[in-house]
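Reading through the structure tokens given below for one structure.
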Amino acid sequence: MYPELKLFIAGEWRTTRRDMAVINPATEQELGRLPCADISDLDDALAAAEQGLRVWSATSPRERCDTILRAAALLRERQEEIAQSITLEHGKPLEQARLEVIRGAEFFEWDAGEAMRTYGRVIPAARGQKFSVHHLPIGVVAAFSPWNFPVSQPARKIGGALASGCSIILKAAEETPAGAVHIARAFVDAGLPAGVLNLVFGNPAEISSHLIPHPAVRLVAFTGSTPVGRHLTTLASENMTSVLMELGGHAPVIVCEDTDVQAAATSGAIRKMRNAGQVCTSPTRFFVHDAIFDEFTETFVAKAAKTVVGNGMDAGVEMGPLANDRRVPALTALVEDAVAKGATLATGGARHGNKGYFFQPTVLVNVPDDARIMQEEPFGPIAVINRVATLDDAIAAANSVPYGLAGYAFTNRADYIDRMIDEVEVGNLSINTLEASMPETPFGGVKSSGYGREGGSEGLDNYMTIKHVWHSAKIV
Ligand code: NAD
Numbered sequence: 004m005y006p007e008l009k010l011f012i013a014g015e016w017r018t019t020r021r022d023m024a025v026i027n028p029a030t031e032q033e034l035g036r037l038p039c040a041d042i043s044d045l046d047d048a049l050a051a052a053e054q055g056l057r058v059w060s061a062t063s064p065r066e067r068c069d070t071i072l073r074a075a076a077l078l079r080e081r082q083e084e085i086a087q088s089i090t091l092e093h094g095k096p097l098e099q100a101r102l103e104v105i106r107g108a109e110f111f112e113w114d115a116g117e118a119m120r121t122y123g124r125v126i127p128a129a130r131g132q133k134f135s136v137h138h139l140p141i142g143v144v145a146a147f148s149p150w151n152f153p154v155s156q157p158a159r160k161i162g163g164a165l166a167s168g169c170s171i172i173l174k175a176a177e178e179t180p181a182g183a184v185h186i187a188r189a190f191v192d193a194g195l196p197a198g199v200l201n202l203v204f205g206n207p208a209e210i211s212s213h214l215i216p217h218p219a220v221r222l223v224a225f226t227g228s229t230p231v232g233r234h235l236t237t238l239a240s241e242n243m244t245s246v247l248m249e250l251g252g253h254a255p256v257i258v259c260e261d262t263d264v265q266a267a268a269t270s271g272a273i274r275k276m277r278n279a280g281q282v283c284t285s286p287t288r289f290f291v292h293d294a295i296f297d298e299f300t301e302t303f304v305a306k307a308a309k310t311v312v313g314n315g316m317d318a319g320v321e322m323g324p325l326a327n328d329r330r331v332p333a334l335t336a337l338v339e340d341a342v343a344k345g346a347t348l349a350t351g352g353a354r355h356g357n358k359g360y361f362f363q364p365t366v367l368v369n370v371p372d373d374a375r376i377m378q379e380e381p382f383g384p385i386a387v388i389n390r391v392a393t394l395d396d397a398i399a400a401a402n403s404v405p406y407g408l409a410g411y412a413f414t415n416r417a418d419y420i421d422r423m424i425d426e427v428e429v430g431n432l433s434i435n436t437l438e439a440s441m442p443e444t445p446f447g448g449v450k451s452s453g454y455g456r457e458g459g460s461e462g463l464d465n466y467m468t469i470k471h472v473w474h475s476a477k478i479v
């Protein structure tokens, strides 16, 4: 069920002398050994990507589109096999893993279509003079994808790069490598030329500090935490290399007094626990109007406490483990800090069981502003529910963090929605739904949540550069 793990460089699968264990977070058992790239592997990947860029940037958009669509179709065909390896390495419920495979395919399908629509423009000029604007592939992309979505996160980066005519070296997450291996297999079978897609694993700091300063690399695309994003951006600045940064979030949810309280609380509790809260758009800070606070909190806590936690392979499980062992003490410390500062722990708050990296669905109520969790993204199954008296207070609280990725609200009042569109500082605002993005909508953050957009008609912008051409019919 779990694939053999290898690096993929210059169209060849390869093993290495060094390797590391990949652990099933639900059982703590070893799933396989992951080869780790050394400097010579990275140099080979750079040389392959330079060659791949020459071939792929000269390939017509139609052919690029067709190749990506063939790979997406193979992911759909192999949905069950891929979903099983996602659940084994990441822990999420199998049904959610199946949906993730389809979402990955949808990202590729969207980007494939966009390959055909990277229009330039003609600017009016004097007779005998022509001004035109061309969108060209930016160059070799060095991409780094995280462990929370083993297929859909690599799909965002690979789709953007390949649709734009770039080649890519992807360092996928060491905790969850099989998703990216399955994607690379699909592209091999779809006929992608050698060197266009290269896949490496290993020591993240060693890999990023070798790849990013290389002059052939023209874009660094990263999804992960803000501190790491800041570090990679600093490395990129040496060569003025572009960056696409999808970083942390700490999503506020403004719950207004006119909403359907039961529906909002139930939806909030379900969505908070999805992927064990390990989602950059996860709804975390609930600011609830005074008039409905008690009913909302009671319903939310009851629903969250009933979440079925267990091995994602088991039927009926709603929430799996955290993806790695370091997250368990990190979340415990956030809860302890909040309680010490005066928050009420309404449910959960600790490790679940004594095998696997499980954490209890957790709700903290009336959390003071000086608690760490009010500023730090928990990236786990922890919700904060705080009382607000007015929309002004709710918007001020929503904006009081350095992050600005997703934000949500439950209300039907047009005047409230109008204010939120103007005033809530996020890249993605959703009203009466806790979904934040689709392949066809632009996704990304403001403030410390990053820079650039993935998906939507903006999704290829970061992967392309703009060239203005001035053609004079005669020498002037
Ligand atoms: P971390 O900060 O150690 O690592 C975050 C990611 O960056 C990982 O995928 C890691 O492999 C990678 N990374 C770390 N150092 C790197 C380096 N020098 N060069 C290249 N890549 C590097 O945190 P973690 O414990 O793995 O995850 C916890 C935090 O990461 C969360 O609090 C969350 O903010 C963030 N995160 C965000 C997303 C997202 O979708 N935005 C996904 C995963 C993790």
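Read in order, the letters of the sequence shown are residues 4 to 479 in the working numbering.
Cβ atoms here follow ideal geometry from the backbone N, Cα and C, with glycine treated the same way.
These numbers come from a predicted model, not from an experiment.
Contact test: residue i Cβ vs the ligand NAD heavy atom, cutoff 7 angstroms
| i | result |
| --- | --- |
| residue 208 | yes |
| residue 451 | no |
| residue 93 | no |
| residue 250 | yes |
| residue 235 | yes |
| residue 227 | yes |
| residue 354 | no |
| residue 480 | The displayed coordinates of the chain run from 4 to 479. Any statement about residue 480 would go beyond what the structure contains. |
| residue 278 | no |
| residue 59 | no |
| residue 456 | no |
| residue 283 | yes |
| residue 151 | yes |
Cα-Cα separation between residue i and residue j, rounded to whole angstroms
| i | j | result |
| --- | --- | --- |
| residue 140 | residue 199 | 13 angstroms |
| residue 355 | residue 362 | 5 angstroms |
| residue 320 | residue 99 | 10 angstroms |
| residue 480 | residue 359 | Residue 480 lies beyond the stretch modelled for the chain, which goes from 4 to 479, so this question has no answer here. |
| residue 322 | residue 472 | 54 angstroms |
| residue 203 | residue 27 | 20 angstroms |
| residue 176 | residue 364 | 25 angstroms |
| residue 256 | residue 263 | 14 angstroms |
| residue 197 | residue 51 | 8 angstroms |
| residue 301 | residue 432 | 26 angstroms |
| residue 38 | residue 188 | 17 angstroms |
| residue 376 | residue 346 | 11 angstroms |
| residue 130 | residue 123 | 20 angstroms |
| residue 115 | residue 166 | 6 angstroms |
| residue 274 | residue 53 | 42 angstroms |
| residue 232 | residue 452 | 9 angstroms |
| residue 445 | residue 313 | 34 angstroms |
| residue 242 | residue 169 | 18 angstroms |
| residue 41 | residue 25 | 18 angstroms |
| residue 3 | residue 297 | Nothing about residue 3 can be read from this structure; the chain reaches only from 4 to 479. |
| residue 287 | residue 384 | 9 angstroms |
| residue 400 | residue 367 | 16 angstroms |
| residue 103 | residue 179 | 14 angstroms |
| residue 79 | residue 343 | 48 angstroms |
| residue 230 | residue 334 | 18 angstroms |
Three-state secondary structure (DSSP) of residue i
| i | result |
| --- | --- |
| residue 91 | helix |
| residue 34 | strand |
| residue 415 | coil |
| residue 174 | strand |
| residue 233 | helix |
| residue 361 | coil |
| residue 144 | strand |
| residue 302 | helix |
| residue 139 | strand |
| residue 120 | coil |
| residue 109 | helix |
| residue 297 | helix |
| residue 215 | coil |
| residue 133 | strand |
| residue 408 | coil |
| residue 56 | helix |
| residue 199 | coil |
| residue 185 | helix |
Short Cβ contact (8 angstroms threshold) for residue i with residue j
| i | j | result |
| --- | --- | --- |
| residue 34 | residue 270 | no |
| residue 253 | residue 112 | no |
| residue 223 | residue 158 | no |
| residue 8 | residue 17 | no |
| residue 250 | residue 280 | no |
| residue 411 | residue 394 | no |
| residue 221 | residue 136 | no |
| residue 172 | residue 201 | yes |
Min CB distance residue i to chain B below 8 angstroms
| i | result |
| --- | --- |
| residue 417 | Of the protein chains in this structure there is only one, and it is not chain B. |
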